[in-house]
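Since the structure comes first, as structure tokens, the remarks are kept for the end.
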Amino acid sequence: MLKLDAGDITHLAVDAIVNAANKSLLGGGGVDGAIHRAAGPELLEACKKLNGCETGQAKVTQGYNLPARFVIHTVGPVWKGGDHGEAELLKSCYQESLKLAVEHDIRSIAFPCISTGVYRYPKQEAASIAVSSCKNFLQSRGVELDITFCCFGDDDLDIYRQLLNS
Ligand code: ADP
49 MLKLDAGDIT HLAVDAIVNA ANKSLLGGGG VDGAIHRAAG PELLEACKKL
99 NGCETGQAKV TQGYNLPARF VIHTVGPVWK GGDHGEAELL KSCYQESLKL
149 AVEHDIRSIA FPCISTGVYR YPKQEAASIA VSSCKNFLQS RGVELDITFC
199 CFGDDDLDIY RQLLNS
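Here the sequence shown is numbered in our numbering, starting from 49 and rising by one per residue.
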């Protein structure tokens with residue numbers, strides 16, 4: 049099932065939240081910074097052992113002080129105009145995160161709007177990819193998973209609301 053929520057992803061009591069990380073996995077600004085602050089220093093220690101992550105891939109840690117049991121760290125593409133494989137890479141972020149969720153018996157997962165902050169992916173295109181990738185994953189795998197799109201701003205909330213109602 050696909051759901052919408054608004055506000056800070058670190059407050060969500062789901063099995064896993066997804067982090068829009070950078071390739072180092074050693075913390076950053078935006079949602080990454082918020083997740084590390086809320087999870088506490090053990091998260092950084094766990095991330096140091098992961099050896100980074102390629103764009104479009106995903107890795108998992110525990111959630112430590114978060115209400116969420118797991119954090120799935122994925123690295124979205126930096127928007128470079130759209131002809132550098134950005135769409136495929138963004139789709140891969142959602143797919144790889146969901147694969148890890150299934151492997152870890154996760155039943156509820158929340159995604160931030162990956163790549164749409166400092167990585168500048170256009171919000172409407174990113175949201176279309178997010179929704180279609182998640183829908184396709186659920187349909188093709190036949191898995192029961194609650195997927196929440198966590199919108200941090202009203203613009204994203206409007207975009208996702210329209211997509212989920214259509
Ligand atoms: P990226 O580098 O992938 O663009 P950012 O963290 O800069 O990552 O932004 C990704 C999205 O996360 C943006 O839509 C931003 O508004 C949103 N965001 C920032 N902080 C939070 C938070 N605490 N909870 C949920 N979403 C957040």
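Using N, Cα and C, we set each Cβ at its ideal position, and we do this for glycine too.
Remember, predicted model here, so these are calculated numbers, not experimental data.
DSSP three-state assignment for residue 152, whether helix, strand or coil: Residue mapping note: residue 152 aligns to position 104 of the sequence shown, counting from 1. Correct three-state label for residue 152: coil.
Figure out for me which residue from 52, 188, 139 and 100 has the closest Cα to the Cα of residue 72. What you label residue 72 is simply residue 24 of the sequence shown in a count that begins at 1. 100 is the residue among 52, 188, 139 and 100 whose C-alpha sits nearest the C-alpha of residue 72.
Bounding residues of the beta strand (DSSP E) (the contiguous stretch that carries residue 110): Your numbering for residue 110 matches position 62 in the sequence shown. Unbroken beta strand (DSSP E) run through residue 110: 106 to 110.
Residue 192 burial status per 10 Å Cβ neighbour count (16 or more: buried): Sequence index remark: in the sequence shown, residue 192 carries index 144 (1-based). Under this definition residue 192 is an exposed residue.
Could you tell me which residues DSSP pairs with residue 118 in its beta bridges? Here residue 118 refers to the residue found at position 70 of the sequence shown. Looking at the DSSP assignment, residue 118 forms a beta bridge with 64 and 110.
By the DSSP assignment, the beta strand (DSSP E) with residue 171 in it spans what residues? Here residue 171 is taken as the residue at index 123 of the sequence shown, counted from 1. Note, residue 171: premise wrong, no beta strand (DSSP E); alpha helix (DSSP H) at 171 to 189.
Pairwise C-alpha distance: residue 165 and residue 78: Position 30 of the sequence shown holds residue 78. Position 117 of the sequence shown holds residue 165. Straight-line Cα distance between these residues: approximately 7 Å.
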